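Asks: Once you've had a glance at the structure underneath, I'll fire off some questions.
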Amino acid sequence: MKALVKRGPGEGLDYADVPLPVPDRHDVLVRVLRTGICGTDLHIFEGNAWAARTVSTPRVIGHEFVGEIVEVGAGVGGLLPGQLVSAEGHLTCNSCVNCRADRKHLCRAAEGLGVQRDGAFAEYLALPAESVWVHRPGVPLDVAAMFDAFGNAVHVADTFPLRDRTVLVTGAGPIGAMATAVAAHRGARLIAVSDLSPSRLQLARRAGAHLTVQAGQEPLEAAALGQEQGFDVGFEMSGNPSAQSDLIAAMAHGGRIAVLGLPDEEVPTDWSDISLRMLTIQGISGRKVFDTWHTMNTLLDEGLDLSFAVTDHFDARDWEKAFATAAQGDSGKVILDWAPRD
Ligand SMILES: [Zn+2]
Ligand SMILES: [Zn+2]
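The letter at position 331 of the sequence shown is residue 316 when you use my numbering, and the numbering goes up by one with no holes.
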C-alpha cells in the first residue's frame, strides 16, 4: 500500500510502498478515506527539535482521518466491517494512575498515532479497537476527517464558561477558527480573534468572530478592542510568543486562559503579573476520552456548522502541494484523499 513515511532526521517525507499493516486480536483494520493535515504533521515534515526528539523512525505519520473498518480482530466486540470511523490519536497506557481513574487525557505514557506508532497517512491503518470512534450516519466526511482537531477546539472552548463572556482568541488556524465557532455557539458576548494572516481572519469571521486583529499590523490590546476592563476568557492557539504575552496583557483581572498553542522555545513569563491579576492558565492537550467526542456529536446535532473550516483538498499523491499549502499559514484544514471519491 501507499503511505507517507518519515525516514529519519531532517526535512522531508517519502510517499512510498509499505507492507499492509496486520491487525492483532484487539485491533481493527481501517481503509483510510480522507485525512487532515495537522500542525504536528508539518513539524514532522520539517524535522524540528520536537519531532527529532519524539518521532521514532521509520514511521507512517498522520492521525486525523476518517475511514471504513475492513477487518475486526478476534478479540474485538461491538465493531463491524463497513462502519465509518475516526480514532482518538492518543493511545493511552491503561495502567497509570490517571488512566485507571478514567482520566485518559492525562495519561503520562500515551503514544501518538503517527508519532510513536504507525499512523493514518496511508491506504490502510491498524489500531486498537478501544481507540476507535464510530461516526453516526450523516456526518460529512470532511468533518469526520478532522474530528481530532475539532476535539482540540471543543476541549479548549469548553474549559471555561463562555455565556455572556468576552473572549480573545490568538491564532485562527483550523483549530482556533473551530474554537471560535464553538464559543459563538456557547453564547459568548464578544469574540475577538488575532492572526498574522488576513485569510485566516476571514475564516474566524465566518466562524462567528465579532472583531478581528491582524497581528503585527494592528495593536492586540484590550482597550483598542473596546474592552477597557480586559477580556474574561482567552484561547491561546498560536504558539507565538508575542501573541502569548499580548493575550496575557489583554486579560481582565481574574481572567481565564486555555492554552493549546505550542511555542518552539521557552517563553519568559512574568509570574508576578499572573499572581497580582489572579489569572487562571489551563494547559490543554488532546481531547477528553471520550467525553469530548460525545460533545462534538451534540454540537453537530445542535447545528454547529464547520463547513468553513476545510479550505483545500488534494489527492494523497499530491501530498507535497498539500503540505506546502498547510505550511503557508493562510489556509483552513487541508484534506488529503486516500481513496477515490464516490
Ligand atoms: Zn492533530
Ligand atoms: Zn496512562
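For every residue, glycine included, the Cβ atom is placed at its ideal position computed from N, Cα and C. The model shown is predicted, which means the values in this text are computed figures rather than measured ones.
Flag this pair as touching only if the segment 87 to 105 and the segment 179 to 189 have three or more C-beta atom pairs under 8 Å; answer yes or no.
Replies: no
Asks: Say the cut is 7 Å; is the CB of Glu49 nearer than that to a heavy atom of ligand 1?
Replies: yes
Asks: Quick one: does the C-beta of Ala192 sit closer than 7 Å to a heavy atom of ligand 1?
Replies: no
Asks: Output the distance between the C-alpha atoms of Val198 and Gly60, rounded to the nearest integer angstrom.
Replies: 53 Å
Asks: Would you mind stating whether Ala95 and Asp12 have Cβ atoms separated by less than 8 Å?
Replies: With respect to the 8 Å criterion, Ala95 and Asp12 are not classified as neighbours on the basis of their beta carbons.
Asks: Between Glu56 and the rest of its own chain, which residues show a CB-CB distance below 8 Å, the 5 nearest in sequence each way excluded?
Replies: Pro8, Val13, Leu14 and Pro66
Asks: Between which two residues does the beta strand (DSSP E) harbouring Ile160 extend?
Replies: Element bounds for Ile160: not the beta strand (DSSP E) but the alpha helix (DSSP H), Pro159 to His170.
Asks: Just tell me which of Asp87, Met(-14) and Pro226 has its CA closest to the CA of Lys273.
Replies: Asp87
Asks: Taking the CB atoms as reference points, tell me whether Met127 and Val295 lie closer together than 8 Å.
Replies: A small fix is needed here, since residue 127 is Asp in this sequence, not Met. Cβ distance < 8 Å, so Asp127 and Val295 count as in contact.
Asks: I need the boundaries of the alpha helix (DSSP H) containing His28, first residue and last residue.
Replies: Run containing His28: Gly24 to Glu31, per the alpha helix (DSSP H) assignment.
Asks: Going along the chain, which residues of its own chain have a beta-carbon closer than 7 Å to the beta-carbon of Pro(-6), five neighbours each way excluded?
Replies: Gly32 and Ala37
Asks: For Ala162, verify whether its CB is less than 7 Å away from any heavy atom of ligand 1.
Replies: no
Asks: Which of helix, strand or coil does DSSP assign to Arg10?
Replies: coil
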